[in-house]
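Protein sequence lines, in the order shown, are assigned to chains A and B. Start counting at 1 in the first sequence, then tack on 124, and there's your number in our numbering. Start counting at 1 in the second sequence, then tack on 124, and there's your number in our numbering.
2 protein chains.
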Amino acid sequence: MTPEQRRLLIELCGMMAYAELSAFERMSSDARFSPTLHDRATLGRLAVAEFAHFETVSDYLAQLGADVEVAMVPFQASVDAFHDRTRPADWYESLMKAYVIDAMSGDLFAVLGQSVDSALQDLIGRVQVPPELAGLLQGRLREVLAGDARLSSRLALWGRRLVGEALTQGQRLGRERSFLGALMSSAPEAEPLEPDKLRAHLTRAHSRRMNELGLTA
Amino acid sequence: MTPEQRRLLIELCGMMAYAELSAFERMSSDARFSPTLHDRATLGRLAVAEFAHFETVSDYLAQLGADVEVAMVPFQASVDAFHDRTRPADWYESLMKAYVIDAMSGDLFAVLGQSVDSALQDLIGRVQVPPELAGLLQGRLREVLAGDARLSSRLALWGRRLVGEALTQGQRLGRERSFLGALMSSAPEAEPLEPDKLRAHLTRAHSRRMNELGLTA
Chain A
125 MTPEQRRLLI
135 ELCGMMAYAE
145 LSAFERMSSD
155 ARFSPTLHDR
165 ATLGRLAVAE
175 FAHFETVSDY
185 LAQLGADVEV
195 AMVPFQASVD
205 AFHDRTRPAD
215 WYESLMKAYV
225 IDAMSGDLFA
235 VLGQSVDSAL
245 QDLIGRVQVP
255 PELAGLLQGR
265 LREVLAGDAR
275 LSSRLALWGR
285 RLVGEALTQG
295 QRLGRERSFL
305 GALMSSAPEA
315 EPLEPDKLRA
325 HLTRAHSRRM
335 NELGLTA
Chain B
125 MTPEQRRLLI
135 ELCGMMAYAE
145 LSAFERMSSD
155 ARFSPTLHDR
165 ATLGRLAVAE
175 FAHFETVSDY
185 LAQLGADVEV
195 AMVPFQASVD
205 AFHDRTRPAD
215 WYESLMKAYV
225 IDAMSGDLFA
235 VLGQSVDSAL
245 QDLIGRVQVP
255 PELAGLLQGR
265 LREVLAGDAR
275 LSSRLALWGR
285 RLVGEALTQG
295 QRLGRERSFL
305 GALMSSAPEA
315 EPLEPDKLRA
325 HLTRAHSRRM
335 NELGLTA
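Right, dumping it as structure tokens:
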């Protein structure tokens, strides 16, 4: 690994680590507003999975000889700003936020990971939301949406707002920090990833997930 | 196990489960206000340990053929009231709350567990805060208190308030729910546990822990 590759990796992992730690905190605080104790436990379980991912990424940073706290600092402001701008108004919006944002971050990390080394790809595989939890989340959303046209339209709108904010934040980050661009242009395959293509890829995957809920993205 | 013993066990476990689930949610929300990213991760780790305990107790309830949500419901109001009355004003108070209340609940469960069966004693052993985490918490508190007379006096006062509220809440619960008294009087040893003795036992253990921080209880 060249020193430059190592630097890029540390930046990417710093971002992932802070995103996971924040997701853990937000999700577990939101859990308290769940309509049933069963839902509280489910959201808690999801939050705990995020924390486990944070620890996985921290271990990887330690292997790279990097300090996890130092690596996270550059991303604190923008991740916090994202969460402040997308504060769920109730438990349904929390659930949708978990559904939309976890999956989208996973997609983004998967794309960025392609361009770097295989240990990173393995790491990224390990920090995806486990399918059984993702399935549980989707199942619960379907249940609450079923036959509730008002909630469906509110959550469809909320989903669009979440994705809009996430893409805006990603764009800002891309401008401010060189590593996203560098990772994308270091793709080993012939064609480097272009920002527009990445955006289209993420949006498509999001639309598919919204459709799976019976909503229009 | 007699049906009456089983009923008592389910009540005790329902209380433990809800206490753990709430502690998880409160602690992980409080983590966000930590002064450093390192502290956020530490408080997060403690919160995750609480969630693991919640799952351990849930499994035990399932083995007893009881539904964890149903078992928790009777304790929701009083545990929530306790947390509402002891809302930490800042991160230092959160840390102290975790230190005081986790240990005290552990002490209480250990005493109540003596009176029932050995499987329960084993369970109670498994839901104690792991010594390395308790040590970490104590270490961090010592650090922040060292040489800060103002914070020390504020947190000493806060510690007294926490214990006062916890004991009051315990007393109320004892009046409202028969199981605490029943558990205490079913102690296998010659002498049933008396409320006054239990209170003295819990207070003593609390004072010792405060002294370990260099504070007066």
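Virtual Cβ for every residue (Gly too), placed ideally from N, Cα, C.
Contact annotation: residue 181(A) and residue 140(A) have beta-carbon atoms nearer than 9 angstroms.
Rounded to whole angstroms, the separation of the alpha carbons of residue 341(A) and residue 334(A) is 6 angstroms.
The three-state secondary structure of residue 125(B), taken from DSSP, is coil. Annotated as proximal: residue 290(A) and residue 225(A), with beta-carbon spacing under 9 angstroms. Under the three-state reduction of DSSP output, residue 323(A) falls in the helix class.
In this structure, residue 160(B) sits near residue 193(A), with a CB-CB distance shorter than 9 angstroms.
Along the region 190-203 of chain A, going in chain order, the ones with a CB nearer than 8 angstroms to a CB of chain B are 192, 193, 196, 197 and 200.
Within chain B, no C-beta atom comes less than 9 angstroms from the C-beta of residue 131(A); the nearest is roughly 20 angstroms away. For residue 187(A), the closest of 244(A), 330(A), 301(A) and 286(A) by C-alpha to C-alpha distance is 244(A).
Excluding residues up to 5 positions away in sequence, 220, 224, 334, 339 and 341 lie with their Cβ nearer than 7 angstroms to the Cβ of residue 283(A) in the same chain. Under a criterion of Cβ atoms nearer than 8 angstroms, no residue of chain B is adjacent to residue 253(A); the nearest Cβ is some 16 angstroms distant. Listed along the chain, the chain A residues whose CB falls inside 9 angstroms of the CB of residue 135(B) amount to none; the nearest CB is some 16 angstroms away. In the displayed model, residue 267(B) falls within a helix according to three-state DSSP. If you ignore the 5 residues before and after residue 302(B), its C-beta comes within less than 8 angstroms of no other C-beta in its own chain. Restricting attention to alpha helix (DSSP H) runs no shorter than 4 residues, the region 244-308 of chain A encloses them at 255-269 and 273-300, ordered along the chain. For residue 268(A), none of the residues of chain B pass the 8 angstroms Cβ criterion, the least Cβ distance being about 17 angstroms.
The straight-line gap separating the alpha-carbon atoms of residue 281(A) and residue 278(B) is approximately 46 angstroms. In this structure, the straight-line span from the alpha carbon of residue 153(A) to that of residue 165(A) is close to 12 angstroms. The beta carbon of residue 296(B) does not come within 9 angstroms of any beta carbon belonging to chain A, so the residue lies off that interface.
The Cβ of residue 168(B) sits closer than 9 angstroms to at least one Cβ of chain A. The DSSP-derived three-state label of residue 152(A) is helix.
For residue 175(A), the nearest beta carbon of chain B is closer than 9 angstroms to its own beta carbon. Inter-residue distance for residue 332(B) and residue 177(A) is about 37 angstroms (C-alpha atoms, whole angstroms). In the structure shown, residue 211(A) falls within a coil segment according to DSSP collapsed to helix, strand and coil. A straight line joining the alpha-carbon of residue 184(B) with that of residue 198(B) spans about 18 angstroms. Of all alpha-carbon atoms in 211(B), 155(B), 191(B) and 215(B), the one lying nearest the alpha-carbon of residue 286(B) is that of 211(B).
The Cβ-Cβ distance between residue 170(A) and residue 222(A) falls below 9 angstroms. For the pair residue 307(A) and residue 231(A), the Cα-to-Cα distance works out to about 15 angstroms.
Residues of chain A whose Cβ lies closer than 7 angstroms to the Cβ of residue 301(B) do not exist; the shortest such Cβ separation is about 18 angstroms. CA-to-CA, the gap between residue 130(A) and residue 136(A) works out to about 10 angstroms.
Chain-ordered, the chain A residues with CB closer than 7 angstroms to the CB of residue 171(B) read 152. By the rule that beta-carbons nearer than 9 angstroms mark a contact, residue 178(A) touches chain B. Here DSSP, grouped into helix, strand and coil, assigns residue 178(B) to helix.
Counting only residues of its own chain and dropping the five nearest sequence neighbours on each side, residue 268(B) has a CB closer than 8 angstroms to the CB of 216, 219 and 275.
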